[in-house]
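Mapping of the sequence shown onto numbering that gives the first Met the number 0: position 54 corresponds to residue 53, and the numbering continues sequentially without gaps.
Virtual Cβ for every residue (Gly too), placed ideally from N, Cα, C.
Predicted, not measured: the structure shown is a model, and the values here were computed from it.
Note sheet for the following structure.
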Amino acid sequence: MRANNVVLNDKLEDVSISKAYSFPFEVSFSEIRKLSKGYVKLHWHDEIQISIVTKGSVEFIVGEKSYILKNGQAIFINTQRIHMAKSVGDEDCIYHSIMFNAKLLKMFPGSIIEQKYIDPVITSNKLNSIEIYGNNNWEQDALKYISDIINVDIIQDKGYELKIYIDLLNFWLLLVLNDKDIFNQKMEPKPINEQRIKDVLSFIHKNYSNKITLQDIADAVFVSKGECCRFFKKIT
0 MRANNVVLND KLEDVSISKA YSFPFEVSFS EIRKLSKGYV KLHWHDEIQI SIVTKGSVEF
60 IVGEKSYILK NGQAIFINTQ RIHMAKSVGD EDCIYHSIMF NAKLLKMFPG SIIEQKYIDP
120 VITSNKLNSI EIYGNNNWEQ DALKYISDII NVDIIQDKGY ELKIYIDLLN FWLLLVLNDK
180 DIFNQKMEPK PINEQRIKDV LSFIHKNYSN KITLQDIADA VFVSKGECCR FFKKIT
């Protein structure tokens with residue numbers, strides 16, 4: 000399955016999930032200091048991401064908010080949310096990410112599971128991310144499921160896909176039972192700056208091989224050059 004992923008870089012990067020379309024799931028490993036720029040670049044994708052820090056401290060920036068997570072802490076990042084990650088301090092920083100398409104949990108299109116428990120989460124305009132520090136019982140249970148999923152994926156013994164599926168469902172159940180604001184929100188338009196930054200990055204990636212100016216970029220999102228710089232700096 001191919002992810003619709005856009006990364007801020009000097010060239011267009013095609014990021015794909017390696018497992019078959021029949022099981023849209025993957026666990027990735029990020030050692031931040033060994034990356035080409037020393038951080039995970041600004042990007043977004045269709046997949047839901049659950050990241051857990053396994054060494055050092057990592058700053059995750061999701062939309063306009065920043066979260067610093069230490070070893071053993073995790074973050075849930077909703078689908079299509081702009082985010083990036085960078086190390087905190089001088090020590091090495093490592094985190095693992097669980098990536099999956101929400102349709103893996105929906106059973107079938109139009110199911111009651113999809114209508115009541117999946118779509119209200121992934122379409123919530125208020126829910127960009129949830130930090131999981133382990134400060135209470137549900138967060139501790141959530142961290143256990145995250146660790147179990149990663150370990151099962153590493154070993155991949157008989158029936159591992161079923162084990163991953165069950166752990167993902169248990170994690171999702173914790174999520175919807177303990178973040179009630181998801182289901183009590185008023186539907187509002189997505190933040191305008193988030194959509195603008197996506198449009199800017201998409202324009203750059205489509206035209207990077209040509210000579211483009213700040214005016215060209217500003218024109219692409221119908222704002223002045225000053226406003227373009229302001230919201231771009233605020234997000235990045």
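From this set, the options, which residue's C-alpha is nearest residue i's C-alpha?
i: I74; options: R80, G88, A141 and S50; result: S50
i: F170; options: I131, G55 and S86; result: I131
i: D89; options: I111, G37 and I216; result: G37
i: Q72; options: L200, K233 and S146; result: S146
i: K233; options: K64, L34 and D45; result: K64
Could you pull out every residue in the same chain whose Cβ sits closer than 8 Å to the Cβ of residue i, ignoring the five residues on either side in sequence?
i: I129; result: I74, F75, L174 and D178
i: P108; result: none
i: P188; result: Interpretation of P188 is limited by its pLDDT of 47, a score under 50 that renders its predicted location unreliable; the figure taken from the coordinates is listed afterwards. Closer than 8 Å at Cβ, skipping near neighbours: N124.
i: V284; result: This structure cannot settle anything about residue 284, because the visible part of the chain is limited to 0 through 235.
i: I121; result: I47, N77, T78 and A101
i: E30; result: D91, C92 and I93
i: I112; result: L104, K105 and M106
i: D156; result: none
i: A141; result: A73, I131, F170, L173 and L174
What's the C-alpha gap between residue i and residue j?
i: Y116; j: N135; result: 22 Å
i: V57; j: E138; result: 18 Å
i: Q214; j: L161; result: 52 Å
i: V220; j: I211; result: 14 Å
i: R229; j: G158; result: 51 Å
i: H42; j: N206; result: 17 Å
i: P23; j: N209; result: 35 Å
i: R1; j: E226; result: At R1, the pLDDT of 36 sits below 50, so the modelled position is not reliable and the matter cannot be decided from this model.
i: V199; j: I216; result: 6 Å
i: K197; j: K85; result: 20 Å
i: M106; j: H44; result: 22 Å
i: F231; j: K143; result: 37 Å
i: K33; j: G133; result: 28 Å
i: S110; j: D218; result: 43 Å
Is it buried or exposed, residue i, if we count other Cβ atoms within 10 angstroms and call 16 or more buried?
i: R195; result: buried
i: I154; result: exposed
i: D166; result: buried
i: L223; result: The sequence given here has Ser at residue 223, not Leu. S223 comes out exposed.
i: Q114; result: exposed
i: L176; result: exposed
By Cβ distance below 7 Å, which residues in the same chain neighbour residue i in space, the five residues on each side in sequence not counted?
i: L168; result: L104
i: I67; result: S56, E58 and V87
i: K69; result: V52 and S56
i: K54; result: N70, D91, C92 and I93
Since residue i contacts residue j with CB under 8 Å, what's their CB separation in whole angstroms?
i: M98; j: S27; result: 6 Å
i: H95; j: I163; result: Contact doesn't hold; Cβ gap of about 14 Å is too wide.
Once you ignore the five residues that flank residue i on each side, which residues in its own chain have a CB closer than 6 Å to its CB?
i: D152; result: V26
Any beta-carbon of chain D closer than 8 Å to the one on residue i?
i: L161; result: Absence of chain D from the displayed structure is noted, only one protein chain being present.
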